[in-house]
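In the order they appear, the protein sequences are chains A and B. 1 is the number of the first residue of the first sequence in full-length UniProt numbering; add one for each residue after it. 1 is the number of the first residue of the second sequence in full-length UniProt numbering; add one for each residue after it. Where is the CB? At the ideal position from N, CA and C, for every residue including glycine. What follows is a single structure, written as structure tokens, with notes after it.
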Amino acid sequence: MYQYDELDHEVVQNRVLQFRHQMERYLNGDISEEAFLPLRLQNGLYVQKHAPMLRVAVPYGMLSSTQLRMMAKICRDYDRNYCHITTRQNIQFNWVELTDVPDILDELASAEMHAIQTSGNCIRNTTSDPLAGVVDDEVTDPRPYCEIIRQWSTLHPEFAFLPRKFKIAVIGAEEDRASIRLHDIGLRLVRSDSGELGFNVWAGGGLGRTPMLGSLIREFLPQTQLLGYLKAILRVYNRYGRRDNKYKARIKILVSSLGTEEFTHQVEQEFERNYAADPQLSNEEISYAQSFFSAPDYEPFEADSDLPVPISAPESYHRWIERNVRPHKQHGYRIVTLSLKYFGQAPGDITTEQLESIAELADRYSFGEVRTTQQQNIVLTDVKRTDLFNLWHEINRLNLATPTVGTLIDTVCCPGGDFCNLANARSLSVNAAIQQRFEDLDRLYALGDLSLRISGCINACAHHHIANIGILGVDKNGEEFYQITLGGQTGRQSGIGKVLGPSLPHDKVAPAVERIIEVYLEARSSATETFTTTYQRLGKAPFKERVYATGL
Amino acid sequence: MQQVFKNGVIQDDHWSHLDAQIGADFTPEPEVHYILPLDIWQGFAGDFSGFISCPGITISADADLASLADAIERVPLIAIEFCSFTDGSGFSTASLLREDYKFDGELRAMGAILPDQVPYLLRCGFNSVEFPRAEDLQHAVALTGGAGQSYQGDVETPRTPFQQRIAK
């Protein structure tokens, strides 16, 4: 993975020092609350319901075991012994003290980490495929490009005060595990007919109040022109994006109001203008970035037949293999998902002890690295298949082996009204109620892959629009209500779910999900017909009818 | 005399804003270098014979530069007025003036700006910044002193992140 050099260290350390001074001036009253707001946000610091929240960047979801141990240290020394993996692969600390933040940032810097631009109206952490580099269906590894974008976007002087937040995602695989079309800019690595590497460029995607899929604005952007093109998009947005209304300020609104064609025209015009003046990425630079992401020292295995299963292996091991372990491009290796969806626990929450143990397991079984995922789990990308049984034993003890990855209860969920100032409603308690109804694993497996996402407000941090079943907390005269959307999807295809009907009170949500599942099970043409296919075939009527029938 | 942060130091400002609407009998004071709001500047239709130098202009952060090409070519100073420190459109406007219009006069930031934004302003091509409060000027100096290295360089000498580092 990427290693900081002198420049990286200098940039991050200067930033910490700068923030330390800003904090001092704020506490002395030399900076107003209003002026301090964007400054602290750009350093990842929110003021939440109970305490300040610090969001730490995990660039494209990669963490070393050293960095995991640093997360554990911060949990122990500054927080309440746990933290939270976000839907954008970052890590949040929910209980830090305001005045401790400069010290925490210092600690992060010592582990080559920071909280720069993890919130505020600026270019956020670049996200990517959590399986980058280890899957078969990849044109090339997207991570070197993510790192180049990370550096380019970090403290870019022109784009620190944009109309609204700005998110970029990059993938190199056929399957889209990063939901690129839901980002302000989505990039997919492709090869041209002549074999040259470049990108499909999508712009104007986003969720929130007005969910939209990004539009393809460039069929093929040669890789050396990447940064010039990003600059052109950002510049058009920074000059012409709306600033009069927070809810109309994302680039998606600019793209849709200008129309894709006109927006593209303006970007291309701006790009052409700076093309000659700005330096391009050189092939040497790209190779240099790639050198940090070369394959680890895999043991050679000739064949990849399944291992004889240990006689002592219980049923739960087989379930785990089925749901939480994926094929790897390298013979003899597997990709293992450590589930952070233990019954009764908030999705994505992880304790000090778990972090330290995962660091140790990563060192022993997976070359000392892990990835965080958009599904709020953690992945060990390079586990020898001969180690699987031992690994399973160990993570079982840590409650990280819930064999439910990809199922209905692999829920993505924001912290909701229990923690977040913005939320209209609680999300964790809704999730707990649904989990309870689907505790029976046989019943759960019969459903196959099915996604459930729960957002506590319209900011849509849990990305409920792209779930097969999405739940959104809304406020109705001071009471918590929930709107259900059905039919969203991400992966091979992207789609935005449609609202089922009037919102429901808190206690009716889990029974409603149960009824939706009933309709699906009754109506699907075979055990392999996905929820979305069934939904598209039937339309929403039978689901709506059942959910709103009496007796809910 | 009003002070301004310019070329890295606090110094006397040799320019004066003329903000009030002016009548037909307006006579420029001798030895005053004026900065005029754009519409007033345009009202002179290019005839600045009574002035000791061509006045500078004030434009809004989101001004349409294409329609100002003639003025940009002529003025010695462009002041970009920020309406709010959270509205960063002026950073792009300044960069465009330097990059695309090759404007090489004084580029000044004014209005709602935080001293903490000065290092970014300088990298986008501004070379002077106005602050009404003396302590903000002091802060600006302190903040630019230790600004250090960056990944992007600045508008004068832009670079890609690894360009110089792999040569080492």
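Which class does residue i belong to by DSSP, given the choice of helix, strand or coil?
i: L428/A; result: helix
i: V255/A; result: helix
i: Y317/A; result: helix
i: F271/A; result: helix
i: R220/A; result: The sequence given here places Phe at residue 220/A; Arg does not occur at that position. Here F220/A sits in strand by DSSP.
i: V129/B; result: strand
i: F5/B; result: strand
i: H114/A; result: coil
i: W95/A; result: coil
i: A541/A; result: helix
i: Y26/A; result: helix
i: M1/A; result: coil
i: K165/A; result: coil
i: L36/B; result: strand
i: V379/A; result: strand
i: Q149/B; result: coil
Is any beta-carbon of chain A found at less than 8 Å from that of residue i?
i: F91/B; result: yes
i: P161/B; result: yes
i: Y101/B; result: no
i: G111/B; result: no
i: F5/B; result: no
i: D47/B; result: no
i: R165/B; result: yes
i: Y34/B; result: no
Give the residues of chain B in contact with residue i, contact being defined as C-beta atoms less than 7 Å apart.
i: D278/A; result: P158
i: H156/A; result: Q152
i: P38/A; result: T86
i: Q151/A; result: Y151, P161
Give a yes or no on whether 8 Å exceeds the smallest Cβ distance from residue i to chain B.
i: T210/A; result: no
i: L7/A; result: yes
i: I251/A; result: no
i: R124/A; result: no
i: residue 636/A; result: As shown, chain A starts at 1 and ends at 552. That puts residue 636/A outside it, with no answer to give.
i: F271/A; result: no
i: A467/A; result: no
i: F543/A; result: no
i: R164/A; result: no
i: A232/A; result: no
i: I168/A; result: no
i: E284/A; result: yes
i: N14/A; result: yes
i: F199/A; result: no
i: I148/A; result: yes
For residue i, verify whether its CB is less than 7 Å away from any heavy atom of the ligand NAP.
i: H84/A; result: No copy of the ligand NAP occurs in the structure displayed, which carries no ligand at all.
For residue i, return the contacting residues in chain B, with the cut-off set at a CB-CB distance below 9 Å.
i: A203/A; result: Neighbours of A203/A on chain B: none; closest Cβ ~17 Å, over 9 Å.
i: V11/A; result: G148, Q149, S150, Y151
i: R235/A; result: S92, S95, L96
With a Cβ-Cβ cutoff of 8 Å, do residue i and residue j count as a contact?
i: P144/A; j: R20/A; result: no
i: Y365/A; j: Q330/A; result: no
i: S95/B; j: C54/B; result: no
i: T86/A; j: G348/A; result: yes
i: F292/A; j: M113/A; result: no
i: D129/A; j: A178/A; result: yes
i: Q151/A; j: Y120/B; result: no
i: F85/B; j: R108/B; result: no
i: A289/A; j: E439/A; result: no
Below 7 Å on C-beta distance, what does residue i contact in chain A?
i: C54/B; result: Ordered by position in chain A, no residue passes the 7 Å Cβ test against C54/B, which lies about 27 Å from the chain.
i: D62/B; result: R239
i: D116/B; result: Q22, L39
i: R123/B; result: P157
Taking Cβ-Cβ distances shorter than 8 Å, what residues in chain B pair up with residue i?
i: N238/A; result: G88, S89, F91, S92
i: R20/A; result: Within chain B, no residue comes near R20/A; the closest Cβ sits about 12 Å away, beyond 8 Å.
Mind pulling the chain A residues with CB within less than 9 Å of residue i?
i: R108/B; result: Those do not exist, as R108/B stays about 16 Å from chain A at its closest Cβ, beyond 9 Å.
Quick check: the region 331-344 of chain A against the region 378-386 of chain A, are at least 3 beta-carbon pairs closer than 8 Å?
Yes, the region 378-386 of chain A is in contact with the region 331-344 of chain A.
Meets three-Cβ-pair contact criterion under 8 Å: the region 270-284 of chain A and the region 221-230 of chain A
Flag = yes, the region 270-284 of chain A and the region 221-230 of chain A touch.
Can at least three beta-carbon pairs, one atom from the region 112-127 of chain A and one from the region 121-138 of chain B, be found at a separation below 8 Å?
Touching, no.
With a threshold of 8 Å, are at least 3 pairs of Cβ atoms found where one atom belongs to the region 155-163 of chain B and the other to the region 138-146 of chain B?
With the rule of 3 Cβ pairs closer than 8 Å, the region 155-163 of chain B does not count as touching the region 138-146 of chain B.
So does the region 157-169 of chain A actually touch the region 475-482 of chain A, counting three or more Cβ pairs closer than 8 Å?
Segment contact: the region 157-169 of chain A against the region 475-482 of chain A, fewer than three CB-CB distances shorter than 8 Å; contact not assigned.
Using 8 Å as the cut-off, can you tell me whether the region 130-150 of chain A makes contact with the region 93-102 of chain A, which would need three or more C-beta pairs spanning the two stretches below that distance?
In short, these stretches do not touch, since the Cβ pair count stays below three.
Contact between the region 509-524 of chain A and the region 443-459 of chain A (3+ Cβ pairs under 8 Å)
Counting C-beta pairs closer than 8 Å gives three or more between the region 509-524 of chain A and the region 443-459 of chain A, which meets the contact rule.
Contact the region 106-113 of chain B vs the region 78-92 of chain B: 3+ CB pairs below 8 Å
Two segments are said to touch when three or more pairs of C-beta atoms, one from each, lie closer than 8 Å; by this definition the region 106-113 of chain B touches the region 78-92 of chain B.
Assess, as a yes-or-no matter, whether the region 317-331 of chain A is touched by the region 367-376 of chain A under the definition of 3 or more beta carbon pairs within less than 8 Å.
Result no; under three Cβ-Cβ pairs closer than 8 Å.
Below 8 Å, can you find three or more Cβ-Cβ pairs linking the region 11-19 of chain B to the region 28-37 of chain B?
Contact holds between the region 11-19 of chain B and the region 28-37 of chain B, because three or more Cβ pairs, one in each stretch, are under 8 Å apart.
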